[in-house]
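Peer 1: In our numbering, the protein residues as written are 19 to 592. In this text, a Cβ means the ideal position worked out from N, Cα and C, and glycines have one as well. Here the structure is a predicted model, which means the values were calculated and not measured. Here it is, the structure, as structure tokens.
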């Protein structure tokens, strides 16, 4: 398509990794390009993929023009006609590009129907006669884990996003598309900086909220308004309270105190002052343009309507967006993010069974309940869960309060976590000691940016030999679990990649394909066993002597070595 297309794809994928791992550290995004030839040029392929996709054939796009035409004909906007010729021309162009984008989505859904990933496609930009679409692949399960809305349009034509994640996807793809308009796409950075990209995504998602008010005047600017209101203090106190975004007269919202003159949402100081009259049972009614007074929610709300949203001001410069009790987005100091529990229950459930093999479900649930109590301690605390708890209690008797082993009542557990030192438990939640001062030698795994509590836990963990988990609650609110286990992967994914690499080595050489395999193996190097490392190293050395591998500038790769910490517990059951 153009000279720097591989550079653009690599840069876009690197950008995607930065963006989506900041959103969720478990995301492993992929990016590829699809180019559809628009200008008739001799010797050019009608459709191009960058890079070649092992499960996607170019022939799958043979009838893309026919599919795009059929999708255009059923697009509701195709029945709208503009009075001005220029407006009609712009609409026709928009319909054409949307129909091709939707055609690509249909083809990808058909060809990759059984994949674990979901594809998202940008609108195109024209480069060297091709309409170039950027495709982003993300794990379906991780996307589905996040609470999402269902409506994707309002007023039958305007697009809105169903989640903050969807808005981030939209802004990432739009940033890629805009970068394609540059003089040499692929030679410069792609899209805005991550901080700005997330802020743009937050603004975009707030259109989903503001449209529920039904007042076009309030459609724009709600994100900035909430940031400003959250920043203001009233007589020294932080702004706490809720604003409900809904249509005036909504059947599930009853006004308790109606203002004689509605207040504009952009009259920030008045809105902030009025927040003072709210409590846990009352809210401010707002249609995203004006606030109308103090109100309460009544009746049985139908969440499928998606017509009521709550904006809760939590503390200085921090606010949340909720629907039906589900947090959709949290914003702190103007920086939006996905809402997260202070500690991930799902991650805990995965890790506890890997550390304490054959632990009973009721015991892991009890441990989780104790952890939930511990994380409420504002001054911080630490739980040490160990299969060697009884022996450790005796060894460290002089630097702890040893107990007769007992399973503590939750209220009593809340009391004992208030004192300095760690609580020592076994895998059943039986307490053996409190006020425990941990020992250990200086560790290379420490972190000078963290406090004494965290680093003492790291030093202690370096010396343990039996299964142990430490939960650290720091005074600054940070919560850590040691050890930090790498996520599990499917071993079949690795064996398939090695088999594909073996097949690649026996076929026609492609430097791009070679680099793609090696970059992938370097990313998953921790999970490779000795046999797999030996096979990859052998195939790599064979390919490195190919004449095309060393032409011009080229990349060299070191031998892969099995990691001594790797074992079968890092593989998902299949």
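Within this structure, are the beta carbons of residue 198 and residue 143 separated by less than 8 Å?
Peer 2: yes
Peer 1: Measuring only the C-alpha atoms, how far is residue 414 from residue 301?
Peer 2: 53 Å
Peer 1: Return the Cβ separation of residue 51 and residue 150 in integer angstroms, given the expectation that the two are a contact with Cβ distance under 8 Å.
Peer 2: 6 Å
Peer 1: Within the same chain, show all residues whose beta-carbon is closer than 6 Å to that of residue 261, passing over the 5 residues directly before and after it, in chain order.
Peer 2: 302, 304 and 329
Peer 1: Among 248, 282, 201 and 244, which has the Cα closest to the Cα of residue 233?
Peer 2: Ranking 248, 282, 201 and 244 by Cα distance to residue 233 puts 282 first.
Peer 1: Indicate whether the contact test is met: 3 or more Cβ pairs, each with one atom in the region 398 to 405 and one in the region 436 to 453, closer than 8 Å.
Peer 2: yes
Peer 1: What does DSSP give as the partner residues of residue 345 in its beta bridges?
Peer 2: 340
Peer 1: Using only the alpha-carbon positions, how far apart do residue 483 and residue 459 sit?
Peer 2: 14 Å
Peer 1: Check each candidate in 427, 426 and 437 and name the one with the smallest Cα separation from residue 418.
Peer 2: 437
Peer 1: Within 10 angstroms of its Cβ, does residue 585 collect 16 or more other Cβ (buried), or is it exposed?
Peer 2: Classification for residue 585: exposed.
Peer 1: Looking only at its chain, what residues have a beta carbon closer than 7 Å to the beta carbon of residue 223, apart from the 5 residues adjacent to it on each side?
Peer 2: 179, 182, 185 and 347
Peer 1: Identify whether residue 276 lies in helix, strand or coil by the three-state DSSP scheme.
Peer 2: strand
Peer 1: With 16 other CB atoms within 10 Å as the buried threshold, where does residue 248 fall?
Peer 2: buried
Peer 1: Run the CB neighbour count on residue 574, radius 10 Å, all protein chains shown included, and call it buried at 16 or more, exposed below.
Peer 2: exposed
Peer 1: Within 10 angstroms of its Cβ, does residue 295 collect 16 or more other Cβ (buried), or is it exposed?
Peer 2: exposed
Peer 1: Between 130, 518, 430 and 177, which lies nearest to residue 95 when the distance is taken from Cα to Cα?
Peer 2: 177
Peer 1: Do residue 216 and residue 353 have their CB atoms nearer than 8 Å?
Peer 2: yes
Peer 1: From the DSSP output, read off the bridge partner residues of residue 71.
Peer 2: 74
Peer 1: Using a threshold of 8 Å, state whether the C-beta atoms of residue 29 and residue 208 are closer than that.
Peer 2: yes
Peer 1: Can you give me the C-alpha to C-alpha distance between residue 398 and residue 504, rounded to a whole angstrom?
Peer 2: One C-alpha to the other measures close to 26 Å.
Peer 1: Taking C-beta to C-beta, are residue 129 and residue 78 nearer than 8 Å?
Peer 2: yes
Peer 1: Enumerate in chain order the residues of its own chain whose CB-to-CB distance from residue 500 is below 6 Å, with the five nearest sequence positions on each side excluded.
Peer 2: So the qualifying residues of the chain are 475, 479 and 488.
Peer 1: How long is the line joining the alpha carbons of residue 497 and residue 451, rounded to whole angstroms?
Peer 2: The straight-line gap from Cα to Cα measures roughly 21 Å.
Peer 1: Is the beta carbon of residue 19 sitting closer than 8 Å to the one on residue 145?
Peer 2: yes
Peer 1: Can you check whether the CB of residue 326 is closer than 8 Å to the CB of residue 268?
Peer 2: yes
Peer 1: Buried or exposed: which applies to residue 572, given that a residue is buried once 16 or more other Cβ atoms fall within 10 Å of its Cβ?
Peer 2: exposed
Peer 1: Tell me whether residue 119 is buried or exposed, calling it buried when 16 or more other Cβ atoms sit within 10 Å of its Cβ.
Peer 2: With 16 or more other Cβ atoms from the protein chains shown falling within 10 Å of its own Cβ, residue 119 counts as buried.
Peer 1: For the beta strand (DSSP E) that contains residue 450, what are its first and last residues?
Peer 2: Its beta strand (DSSP E) spans residues 449 to 454.
Peer 1: According to the neighbour-count rule (16 or more other Cβ atoms, all chains shown, within 10 Å of its Cβ), is residue 10 buried or exposed?
Peer 2: Since the displayed the chain opens at 19 and closes at 592, residue 10 lies outside it and no answer follows.
Peer 1: Looking at residue 134 and residue 116, is the spacing between their C-beta atoms short of 8 Å?
Peer 2: no
Peer 1: Could you compute how far the alpha carbon of residue 266 sits from the alpha carbon of residue 27?
Peer 2: 48 Å
Peer 1: Strictly by DSSP, which residues pair up with residue 148?
Peer 2: Answer by DSSP bridge pairing, in chain order: 55 and 145.
Peer 1: Quick check: the region 421 to 433 against the region 363 to 374, are at least 3 beta-carbon pairs closer than 8 Å?
Peer 2: No: fewer than three Cβ pairs fall under 8 Å.
Peer 1: Can you tell me where the alpha helix (DSSP H) holding residue 286 begins and where it ends?
Peer 2: 286 to 292
Peer 1: Is it the case that the Cβ atoms of residue 514 and residue 69 are separated by a distance below 8 Å?
Peer 2: Their beta carbons are not under 8 Å apart, which means residue 514 does not touch residue 69 by this criterion.
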